[in-house]
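Our numbering numbers the first residue of the sequence shown as 7 and each following residue consecutively.
Heads up, the beta-carbon is just placed ideally off N, CA and C, and yes, glycines get one too.
What follows is one structure encoded as structure tokens, with my remarks underneath.
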Amino acid sequence: MKVATLDRLRLAARELFVELGYHETRPQDVARLAGVANGTFYLHFADKQQAFLDFAEQAQNELLEVMSDRLQEISGSRARWRVTCGAVVDFGAEHPGLLQAAFLDPVFIAPRDDNAWRMYDRLGHLVSITVRNDRSTDSTGDQQDEFDFELISHGLCGLLRHAMIYASRRDLNREKMIEDLSMFIDRGLGNR
């Protein structure tokens, strides 16, 4: 079965955006790698920025699906954080460069594009759902104090990003890193 033209363009764009970055990737290079004429690129994307935002959204969909699948039927705060951290770490290891490109770069590429900011907020929103679940009640069953879930979840995304960079540079043990991060987050949210 022949891969659809849009799928070939998406695969080529993904490879080039991750390998070369946004500024060094040209629409004609994407078309060439996809094995289509230059004009075909513009039948699917208005410009390089739209192709990049499409690439970022596709990559995010993949990660969010992995996270959602892994979190199904996981109970316990620490266990959910362990699974969440593990999913992000594993996805980053399986797809080098993809997390940076897909979750951070869109707002630098298109700072005035609401769609870029929406994509930037997606992972933080998913993390906020876990934060909300963890903070709904304390050990006595009483309602916990409210705080800005989105703010905390975006901060946790930054923590994960920087921790992954550090762990990679220092060649830290994956399991220890995930355990340390999940314990830190869990305790920081007031869980024991």
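*When the Cα of E185 is compared with those of C91, G45, F58, A65, which residue comes out closest?*
Nearest C-alpha to E185 among C91, G45, F58, A65: C91.
*Less than 8 Å between the CB atoms is what I'm expecting for A122 and L59, so what's the real figure, rounded?*
With a contact defined as Cβ atoms closer than 8 Å, A122 and L59 qualify at about 6 Å.
*asked:* Within 8 Å, do at least three Cβ pairs link the segment 46–63 to the segment 17–26?
replied: Because the criterion of three Cβ pairs below 8 Å is met, the segment 17–26 and the segment 46–63 touch.
*Coil, strand or helix - S81 by DSSP*: The three-state secondary structure of S81, taken from DSSP, is coil.
_Three-way DSSP call (helix, strand, coil) for R175 in this model_ = Helix.
*asked:* According to DSSP, simplified to helix, strand and coil, what is R167?
replied: When DSSP states are grouped into helix, strand and coil, R167 belongs to the helix group.
*asked:* Quick check on DSSP: helix, strand or coil for R32?
replied: Here R32 carries a coil assignment [DSSP, helix/strand/coil].
*For M7, collect the residues of the same chain with a Cβ closer than 7 Å to its Cβ; drop the 5 residues on either side in sequence, then sort them by chain order.*
With a pLDDT of only 42 at M7, under 50, the local geometry of the prediction cannot be trusted, and the value read off the model is given with reservation. When the five nearest sequence neighbours on each side are left out, no beta carbon in the same chain lies closer than 7 Å to the beta carbon of M7.
*Do you know whose CA, among D177, F155, F190, lies nearest L166's CA?*
Selected option, being the one with the closest Cα: F190.
*7 Å CB neighbourhood of D148 in its chain, flanking five on each side removed*: No answer about D148 holds up, because its pLDDT of 48 lies below 50 and its placement is not dependable.
*Could you tell me whether the Cβ atoms of L77 and V95 are closer together than 8 Å?*
Their beta carbons are not under 8 Å apart, which means L77 does not touch V95 by this criterion.
*For the putative contact between Q66 and R124, defined by C-beta atoms under 8 Å, what is the C-beta separation to the nearest angstrom?*
With a Cβ gap of about 10 Å, Q66 and R124 do not count as contacting.
*Over what stretch of residues does the alpha helix (DSSP H) that includes D13 continue unbroken?*
Counting along the chain, the alpha helix (DSSP H) containing D13 begins and ends at 11–26.
*Alpha carbon to alpha carbon, what distance is there between K182 and R176?*
Approximately 13 Å between the Cα atoms of the pair.
_With H, G and I counted as helix, E and B as strand and the rest as coil, what does DSSP make of G103?_
DSSP places G103 in coil when its eight states are reduced to three.
_Neighbourhood of L69 by C-beta distance below 6 Å, restricted to the same chain and skipping five residues each side_ = Here the set comprises F97.
*Alpha carbon to alpha carbon, what distance is there between T31 and Y172?*
Taking the straight line joining both Cα atoms gives about 28 Å.
*Cutoff 6 Å; reference N44; Cβ partners in own chain excluding five residues on either side*: Contacts found: Q34, A37.
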